[in-house]
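Residue numbers for the sequence shown follow UniProt numbering, so the first one is 1 and each next one is one higher.
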Amino acid sequence: MKPTFVVFGGSGFIGQAVCQEVINRNLPVVSISKHGKPREEELWMSSPLITWLSIDIFKDNSWKQYISDKTCCINLIGIFFENRKKGLTYDKMILLANQLISDEAEEKQAPYLFLSAKAGPCGYIEAKKKAEADLFMKKNQTIIIRSGLVTTKKRPFVYTQGVAIKISTHLPIIKRTANKVYPVPLKHLVTTIINESLAPSHKIIEDIR
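Spelled out as structure tokens, the structure:
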């Protein structure tokens with residue numbers, strides 16, 4: 001029986017790429033996000049293999065019915081910068097989101113993958129580390145991926161930053177810092193996320209290049 005992927009934050013930058021690749025592999029996927037289906041629609045978004053759900057997981061528990069031991073649960077929810085006026089804090093969007101989804105995945109014995117990070121704003125990394133710590137004692141198969149800067153040519157500014165970081169890894173003074181955020185191509189990250197979800201285990205993936 002083919003597993004169903006349940007992607008939290010599936011309408012986001014990385015989430016869309018994950019959903020598209022799952023469909024390319026002829027596997028079913030459920031995208032759960034506050035915004036639902038992206039406004040800028042592409043052909044693959046109308047595939048019968050994908051279900052777009054507009055659910056605020058902090059207010060509506062209906063998403064829980066989509067988690068089971070036959071699903072691959074992927075948490076891509078998060079923010080890089082806080083916006084307290086809109087209620088977008090690291091505690092909510094990283095820590096609480098991780099707690100809610102991972103608890104349900106553990107209860108249903110669903111494999112769970114959490115996308116963490118190696119570098120970023122101080123509060124962001126602190127929240128990611130706290131979220132990771134909450135996962136260490138989980139009894140279901142749990143995968144943590146610590147990603148560097150995610151790049152794609154579709155985002156030229158970030159792609160250029162990635163090239164600069166790669167060059168910086170050869171400079172003695174800053175190579176240590178540069179290696180912390182060493183860029184990972186979006187395609188490579190997505191492939192890793194899906195492959196690890198299909199062969200779940202208790203694992204921390206520190207570096208993807």
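Using N, Cα and C, we set each Cβ at its ideal position, and we do this for glycine too. Keep in mind it's a predicted model, so treat the numbers as computed, not measured.
For residue i, which of helix, strand or coil comes out of DSSP?
i      : result
Pro111 : coil
Val181 : coil
Lys59  : coil
Ser116 : strand
Leu100 : helix
Leu43  : helix
Straight-line CA distance for residue i to residue j?
i      : j      : result
Phe80  : Lys128 : 11 Å
Lys64  : Gln161 : 38 Å
His202 : Gln141 : 5 Å
Phe5   : Ile173 : 43 Å
Asn193 : Arg176 : For the sequence presented, residue 193 should be read as Ile rather than Asn. Taking the straight line from one Cα to the other gives about 26 Å.
Ser116 : Cys72  : 17 Å
Gly10  : His170 : 35 Å
Glu42  : Gln20  : 10 Å
Arg209 : Arg39  : 32 Å
Glu106 : Ile143 : 12 Å
Ser54  : Asp60  : 10 Å
Lys154 : Val184 : 14 Å
Lys2   : Ala199 : 13 Å
Thr152 : Val181 : 15 Å
Alpha helix (DSSP H) containing residue i: first to last residue?
i     : result
Val6  : Counting along the chain, Val6 falls outside any alpha helix (DSSP H), though it belongs to the beta strand (DSSP E) covering Thr4 to Phe8.
Ile14 : Phe13 to Asn24
List the whole-angstrom C-beta distance separating residue i from residue j, where the pair is believed to meet the contact cut-off of C-beta under 8 Å.
i      : j      : result
Lys108 : Ser46  : Contact doesn't hold; Cβ gap of about 29 Å is too wide.
Val7   : Leu76  : 6 Å
Tyr66  : Val30  : 5 Å
Leu113 : Glu196 : 6 Å
Ile23  : Leu49  : 5 Å
Which residue marks the beginning of the beta strand (DSSP E) containing residue i, and which one marks its end?
i      : result
Ile144 : Thr142 to Ser147
Ile74  : Thr71 to Asn75
Ile32  : Val29 to Ser33
Ser54  : Ile50 to Ser54
Cβ pair count under 8 Å reaching 3, the region 130-140 against the region 94-104: These segments touch.
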